[in-house]
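Step one of this worksheet: look at the structure below.
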Amino acid sequence: MKDRRKIGKIGEGMAINFLECQGYQLLEKNFRSGRGEIDIIAIKNGLLLFVEVKTHTGLSHGTPEDKVRWYQQRKIVDTAQRYLSNCYWEGQIRFDVIVVYINGSQGIRHFPGYFGQI
Numbered sequence: 018m019k020d021r022r023k024i025g026k027i028g029e030g031m032a033i034n035f036l037e038c039q040g041y042q043l044l045e046k047n048f049r050s051g052r053g054e055i056d057i058i059a060i061k062n063g064l065l066l067f068v069e070v071k072t073h074t075g076l077s078h079g080t081p082e083d084k085v086r087w088y089q090q091r092k093i094v095d096t097a098q099r100y101l102s103n104c105y106w107e108g109q110i111r112f113d114v115i116v117v118y119i120n121g122s123q124g125i126r127h128f129p130g131y132f133g134q135i
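With the numbering used here applied, the sequence shown closes on residue 135, and no number is skipped along the way.
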C-alpha cells in the first residue's frame, strides 16, 4: 500500500506542476470532507477546477481515466458541494481528470470537463 500512496503522491505533484504551467493557481491539495476527497482544487480566470488525479505505471488493468467510476464521481461532486458551502463562488466550475503515466517515459493526459455538474 505504501508504494501505491507514494506513486499517487508523485502523480499529484506532477499534475500540480502541469496545472501551474497552464496558469492555474493551487487552492487546495487533498481536500477532505465527510467521506470524500478531491485531489486538487485550482483556479484560473474565474474557473474553479476540481481535479481527480490517476497515476499509473502501466495499462495492464485498463486505462486510468476509466477508473473514475460513477460512484467516485458522485463522491467528488458531493465533496465539491461541501467545499463550496464554505465559500462564496459565482464563477464557472469544472470537474477534470488528469492521468499521469510514470512507466519509463512520463506523460500527462488532461481530460477537461470529464464529469459532474453542480
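Don't be surprised by glycine CBs; every beta carbon is placed ideally from N, CA and C.
- DSSP places T96 inside the alpha helix (DSSP H), whose first and last residues are W87 to S102.
- Here S50 is not near Y88, since their CB atoms are 8 Å or more apart.
- Going by beta carbons, I33 and L44 fall outside the 8 Å limit.
- Straight through space, the alpha carbons of G63 and E107 are spaced by roughly 8 Å.
- Here I125 has F35 and V117 as same chain residues with Cβ atoms under 6 Å from its own Cβ, once five neighbours each way along the sequence are excluded.
- With a cutoff of 8 Å on beta-carbon distance, H127 and I119 are scored as not near each other.
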